[in-house]
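Have a look at the structure below before the remarks.
Protein chains in written order, with this note's numbering: chain A, 58 to 373; chain B, 58 to 373.
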């Protein structure tokens, strides 16, 4: 059932011992939403814990450093930024069928929760949570504002992409004026700073990028072996997908990253009008019109072939 | 003399046949400010012309495509985003001593004009011009909003850097709501799209970057010969300087680009607290605390030595 702010407020004010589930391969938005909501629940006197299938990447330690919460048997089950229970990883089995509240901004949300606060026009789950907190009149701490700004900034590519709403800018302005967030440092760590390994890896992109379909499709494939050679972890490649659409001819870019289990995690980006969410849905994934993803369990050549064919169908 | 909005409005409403001077090596802010102000003057029935020592780079053609204005003997001389007449190039000799109005956001502004509207806390000259236009109650066209958004976005690194004001975000929100600007496409062309030559050049950065002073200083030097090898023009390297501070250890990054006359144009970036404007001032340049520049007329090795010594003095 889809619910509004009023219903969501009732739920949050009455919940107890909450677990907040974030999606696997966590990004700035789900981590920001999870830890931001944890702060808000604390203001309401509700203890909570943020969980994730994967370890939170070190670059988000400024959000997670106070800890994800003590261990307890949860009575309230909340999911943030999760369109589908499949994205919970090992938490799907434990909580997948019992989610009481989901706060999400993905149009592809499967409506799996008892109550879903969905705003598909929001830049980020964090944008919804900020407006919810204001609606509820709870105190927003500097740490909470930092979490929510990070989610909005990362999901919008620092206010660069189509999915950026006017509201995202207004919230950023409010956060700068009222909560004195250190936005430049956040953005430096989210968008600019990288390891020497990653910097060298970017140097390889020019060689690695393969163009297909008259240059309309660009693919960069990075295998486990290549990551080992470069001394880079898979999560350090998270912000990399936009690089695949940097050439003017490119309509669709795909970053293929091989996980340790051999499966390719494919991140799609659309430069202009191609809906990559539809392409990904056609091969078992999902996401947004301009940024979507899927996984392919196949060898490199077969995986590439499948991707090229899917994009070719979409372009025709 | 420094003036306020009221004095500036009086000047603009009474000016006639205006020339609007932008700085040499033009960037998004001075081009956006120049062409945005040209639109505003048109609303006031004043004809104007935008001039620049250099040709406006092709990537800004969406701002300049309606033309810079017909040729006439100007009666009103306006400078935008120019802190010092030296930055006018060949227009210094023609107009340097006769500027009637300067609209600028550089704290280092030399107060060379008859009237100067200076807001050193503004993200961009375009931020000032937007607020001025609202103050004056003139119609802001979609093209004007596109110009002014571009200046704010480019000078703030798409709302990423310290110099971003809450007001910049509020203006962006207003522009998206009221003027339907195509911000995602602007940002794609300003920040993401590049030529294959430039993409390959980025691939060289990993090799070219030299670290000094225990990694606190990073220098990337690109000579004319290297540009020729890569098939890239000097103005295509404009948005490149931030790459020099991408490593976590780096406090100061310098991009050295050799002009055709052999002189090195040095763009400084500060990652955190070092004031690079002061460093540049110590060697004849200027700018902002986090982004500044200077030129050095020397061979590559001597120029580098001078830069390293200047940064070392600042770090001590």
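Glycine included, C-beta positions come from ideal geometry on N, C-alpha and C.
| Can residue 326 (chain A) and residue 299 (chain A) be called in contact, C-beta distance under 7 angstroms? | On the first chain, residue 326 (chain A) is found 269 positions in, with the first residue counted as 1. On the first chain, residue 299 (chain A) is found 242 positions in, with the first residue counted as 1. Yes, they are a contact pair.
| Can you give, in chain order, each stretch of the alpha helix (DSSP H) that sits fully within the segment 287 to 354 of chain B and has at least 4 residues? | 333 to 339
| message | Give me the chain B residues within the contact set of residue 304 (chain A), using Cβ-Cβ distance strictly less than 9 angstroms, ordered along the chain. | response | By 1-based counting over the first chain, the position of residue 304 (chain A) is 247. Residues of chain B passing the Cβ test: 250, 251, 252, 253 and 256.
| message | If you measure between the beta carbons of residue 368 (chain A) and residue 274 (chain A), is that distance less than 7 angstroms? | response | Along the first chain, read from residue 1 onward, the residue named residue 368 (chain A) stands at position 311. Along the first chain, read from residue 1 onward, the residue named residue 274 (chain A) stands at position 217. A contact, by the Cβ cut-off of 7 angstroms.
| request: Assign residue 166 (chain B) to one of two classes, buried (16 or more other C-beta atoms within 10 Å of its C-beta) or exposed (fewer than that). | output: If you number the second chain from 1, residue 166 (chain B) lands on position 109. Under this definition residue 166 (chain B) is a buried residue.
| For residue 244 (chain B), which residues in chain A fall below 7 angstroms Cβ to Cβ? | Against the second chain, residue 244 (chain B) aligns to sequence position 187. The contacting residues are 217.
| Local conformation of residue 204 (chain B) per DSSP, three classes | Against the second chain, residue 204 (chain B) aligns to sequence position 147. Here residue 204 (chain B) sits in helix by DSSP.
| Just to confirm, are residue 205 (chain B) and residue 183 (chain B) a CB contact at a threshold of 7 angstroms? | Numbered from 1 along the second chain, position 148 holds the residue referred to as residue 205 (chain B). Numbered from 1 along the second chain, position 126 holds the residue referred to as residue 183 (chain B). Cβ distance < 7 angstroms, so residue 205 (chain B) and residue 183 (chain B) count as in contact.
| query | Which ranges does the beta strand (DSSP E) cover as unbroken runs of at least 3 residues, wholly within the segment 234 to 274 of chain B, from first to last along the chain? | reply | 267 to 269
| query | Using the C-alpha atoms, what's the distance from residue 277 (chain A) back to residue 265 (chain A)? | reply | Residue 265 (chain A) sits at position 208 when you count from the first residue of the first chain. Residue 277 (chain A) sits at position 220 when you count from the first residue of the first chain. Answer to the nearest angstrom: the Cα atoms are 6 angstroms apart.
| field | Minimum C-alpha distance to residue 345 (chain B) - residue among B:207, B:139, B:243 and B:230 | value | By one-based count along the second chain, residue 345 (chain B) stands at place 288. It is B:139.
| Cα-Cα separation between residue 338 (chain A) and residue 198 (chain B), rounded to whole angstroms | Here residue 338 (chain A) is taken as the residue at index 281 of the first chain, counted from 1. Here residue 198 (chain B) is taken as the residue at index 141 of the second chain, counted from 1. Using only the alpha carbons, I get a separation of about 40 angstroms.
| message | Let me check one thing: in DSSP terms, what residues is residue 173 (chain B) bridge-paired to? | response | By 1-based counting over the second chain, the position of residue 173 (chain B) is 116. Residue 173 (chain B) pairs with B:59 and B:159.
| Which listed residue (A:148, A:58, A:64 and A:144) has its alpha carbon closest to that of residue 76 (chain A) | Taking the first residue of the first chain as 1, we reach residue 76 (chain A) at position 19. Per the Cα distances, A:148.
| Same chain, Cβ closer than 6 angstroms to residue 279 (chain A), five either side skipped, listed in chain order | Here residue 279 (chain A) is taken as the residue at index 222 of the first chain, counted from 1. Excluding sequence neighbours, residue 279 (chain A) sits near 314.
| said: Please tell me whether residue 114 (chain B) has its Cβ less than 7 angstroms away from any Cβ of chain A. | reply: Counted from its first residue, the second chain places residue 114 (chain B) at position 57. No, residue 114 (chain B) does not count as interfacial toward chain A.
| What residues of chain A sit near residue 176 (chain B), judged by a beta carbon separation below 8 angstroms? | In the second chain, the residue the question calls residue 176 (chain B) occupies position 119. Within 8 angstroms Cβ-Cβ: nothing; residue 176 (chain B) doesn't reach chain A, min ~17 angstroms.
| field | According to DSSP, residues forming a beta bridge with residue 137 (chain B) | value | Numbered from its first residue, the second chain carries residue 137 (chain B) at position 80. Paired residue(s): B:160.
| What residue does the alpha helix (DSSP H) around residue 368 (chain B) start on, and which one ends it? | The residue labelled residue 368 (chain B) in the question sits at position 311 within the second chain. It spans 357 to 372 - the alpha helix (DSSP H) in which residue 368 (chain B) sits, taken as one unbroken run.
| query | Taking the DSSP output, what are the residues bridged to residue 195 (chain B)? | reply | Looking up residue 195 (chain B) in the second chain gives position 138. Paired residue(s): none; residue 195 (chain B) is not in a bridge.
| request: Could you tell me which of B:295, B:244 and B:82 sits nearest to residue 255 (chain B), measuring between CA atoms? | output: The sequence position of residue 255 (chain B) within the second chain is 198, counting from 1. Closest option to residue 255 (chain B), Cα to Cα, is B:295.
| task | Run down chain B in chain order and give the residues with a C-beta less than 8 angstroms from the C-beta of residue 163 (chain A). | result | One-based indexing of the first chain puts residue 163 (chain A) at position 106. The premise fails here: residue 163 (chain A) is roughly 19 angstroms from chain B at the closest Cβ pair, so nothing lies under 8 angstroms.
| Would you call the segment 220 to 239 of chain B and the segment 99 to 106 of chain B touching, i.e. three or more CB-CB distances under 8 angstroms? | no
| Excluding the five sequence neighbours on either side, which residues of its own chain have a C-beta within less than 8 angstroms of the C-beta of residue 134 (chain A), listed in chain order? | Here residue 134 (chain A) refers to the residue found at position 77 when the first chain is read from its first residue. Excluding sequence neighbours, residue 134 (chain A) sits near 75, 76, 78, 152, 155, 156, 157 and 158.
| task | Residues of the segment 192 to 220 of chain B with a CB closer than 7 angstroms to any CB of chain A: list them in chain order, please. | result | 215, 216, 217, 218 and 219
| According to the Cβ coordinates, are residue 85 (chain A) and residue 208 (chain A) closer than 7 angstroms? | Position 28 of the first chain, counting from 1, holds the residue named residue 85 (chain A). Position 151 of the first chain, counting from 1, holds the residue named residue 208 (chain A). Yes.
| query | Using CA coordinates, which residue listed in B:320, B:328 and B:309 is at the minimum distance from residue 217 (chain B)? | reply | Counting from 1 along the second chain, the entry for residue 217 (chain B) is found at position 160. It is B:328 whose Cα lies nearest to the Cα of residue 217 (chain B).
| field | C-alpha distance - residue 111 (chain B) paired with residue 163 (chain B), whole-angstrom precision | value | Walking along the second chain from the start, residue 111 (chain B) turns up at place 54. Walking along the second chain from the start, residue 163 (chain B) turns up at place 106. Their Cα atoms are separated by approximately 21 angstroms.
| Min CB distance residue 384 (chain B) to chain A below 7 angstroms | This structure does not reach residue 384 (chain B), given that chain B is present from 58 up to 373, and the question cannot be answered.
| task | Return the CA-CA distance between residue 303 (chain B) and residue 309 (chain B), expressed in angstroms with no decimal places. | result | By 1-based counting over the second chain, the position of residue 303 (chain B) is 246. By 1-based counting over the second chain, the position of residue 309 (chain B) is 252. Spanning the two alpha carbons is a distance of roughly 10 angstroms.
| task | Identify the continuous alpha helix (DSSP H) that holds residue 90 (chain A) and give its terminal residues. | result | Counted from its first residue, the first chain places residue 90 (chain A) at position 33. First-last of the alpha helix (DSSP H) with residue 90 (chain A): 85 to 100.
| query | Do you know how far the Cα of residue 312 (chain A) is from the Cα of residue 297 (chain A)? | reply | Numbered from 1 along the first chain, position 240 holds the residue referred to as residue 297 (chain A). Numbered from 1 along the first chain, position 255 holds the residue referred to as residue 312 (chain A). Whole-angstrom Cα-Cα distance: 7 angstroms.
| request: With hydrogens ignored, establish whether the beta-carbon of residue 210 (chain A) is closer than 6 angstroms to any heavy atom of the ligand MG. | output: Here there are no bound small molecules, and the ligand MG is not part of this structure.
| field | Whole-angstrom C-beta distance between residue 120 (chain A) and residue 203 (chain A), which should lie under 8 angstroms | value | Residue 203 (chain A) sits at position 146 when you count from the first residue of the first chain. Residue 120 (chain A) sits at position 63 when you count from the first residue of the first chain. Residue 203 (chain A) to residue 120 (chain A), Cβ: 7 angstroms. Contact.
| request: Give every residue of the same chain whose Cβ lies closer than 6 angstroms to the Cβ of residue 142 (chain B), excluding the five residues on either side of it in the sequence, and list them in chain order. | output: Reading the second chain from its first residue, position 85 is the one you call residue 142 (chain B). Result list for residue 142 (chain B): 149, 153 and 169, in chain order.
| request: Determine, using beta carbons only, whether residue 348 (chain B) comes closer than 7 angstroms to chain A. | output: Position 291 of the second chain, counted from the first residue, corresponds to residue 348 (chain B). Not one chain A Cβ lies under 7 angstroms of residue 348 (chain B).
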